[in-house]
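This report concerns only the one structure given below.
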Amino acid sequence: MAIPFSPSPGPTRLQEAALTNQGFTVIRGALEDTHILAKAAADGDAVVHLAYNNDFTQCAESAQIDVAAINAMATAMIGTNKPLVITSVIPISSLLSYPAASRFGSEKALSQYTSQSVRTCVIRLPLVVHGSGDFFGIVGDVVRSVRVNEVGAWAGDGENKWGAVEVKDIAELYRLVLESDTLEAGIVLDGLAELVPFRDIVTVISNRLEVPTKSIEAKEMAEYYQWPLGQVTEYAAKGNNELTKQLTGWKVKGRGLLDDLQYSQTYFK
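Going left to right, the sequence shown walks through residues 117 to 385 as our numbering numbers them.
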């Protein structure tokens, strides 16, 4: 079964039809509908929790809603030994003023169910999950900013690295985790394919848009990239996928981020 959370009626109907055609039972709901989440979790064979409100102006509220949703689903699964996989984010070099840092509260909430016969697992996503359908993600925001400013900018030497993974690769990791009967409850896995310098990302984007590039001071980034993007551009990921590969057999097969930017039309429509 699947529960769509898109606030837009059009895309939700399309998603629902696509899921139904694949044999899914679609249950309409929102993250705040904890009674719906609890019943679906109790009825299903496993739960993969992907939804989150990524509005950086409501970080605290979004975190509270997510924790309540996790508690509702996990409580309904106590004693079942069924998998409950939630989604978090890969840490960065400094969590100070990191808008997504509030998501680590979700990991803490999940951990209390590890000893209650729920096969809990956290998959941490990098800043960039790229590929088909990602036009409105953070890379799309960078493309739009470079297009509007007619210049690609990075702070200092631009060597701060963004974590990235192709969407089909990360989907495969979720599948491997769900089907595994050897993973210990409570495991935290980084779904990271690569670390890419922000300068390289901006350079490829600028070349595609045929605009110049330049290095600027960190304090100027907000002039080129609107909040919170102006902050995020300076972050450097800390993730490592060795444990993930060792425990699940995960293999990165998809395009790298730079290749996706260079050859795909996803971000340049």
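All residues carry an ideal CB built from backbone N, CA and C; glycine is no exception.
- Taking the Cα positions, G160 is about 48 Å away from E339.
- DSSP, reduced to helix, strand and coil, places V327 outside both helices and strands of the structure shown, so it counts as coil.
- Under the three-state reduction of DSSP output, K277 falls in the strand class.
- Restricting attention to G302, T319 and L292, the CA atom closest to the CA of G274 is found in T319.
- In this structure, the straight-line span from the alpha carbon of I303 to that of T360 is close to 10 Å.
- Secondary structure of E300 (DSSP, three-state): coil.
- With at least 16 other beta carbons inside 10 angstroms of its own, D285 counts as buried.
- By alpha-carbon distance to R291, the top candidate from I181, R371 and I239 is I239.
- Segment contact: the region 196-206 against the region 149-166, three or more CB-CB distances shorter than 8 Å; contact assigned.
- Taking 8 Å as the upper bound for CB-CB distance, T329 and G268 are in contact here, some 4 Å apart.
- Contact holds between the region 238-254 and the region 307-314, because three or more Cβ pairs, one in each stretch, are under 8 Å apart.
- When C-alpha distances from T196 are compared across A188, S233 and C175, the shortest belongs to S233.
- Shown here for A179: same chain residues with a beta carbon closer than 8 Å to its own, the five before and five after excluded, namely S218, R219, G221 and S222 in chain order.
- In this structure, the beta-carbon distance from G145 to A156 falls below 9 Å.
- The Cβ neighbour count for Y383, taken over all protein chains shown within 10 Å, is at least 16; the residue is labelled buried.
- Sequence-distant partners of A162 (beyond 5 residues in either direction) whose C-beta falls short of 6 Å from its own C-beta, in its chain, are K198, P199 and L294.
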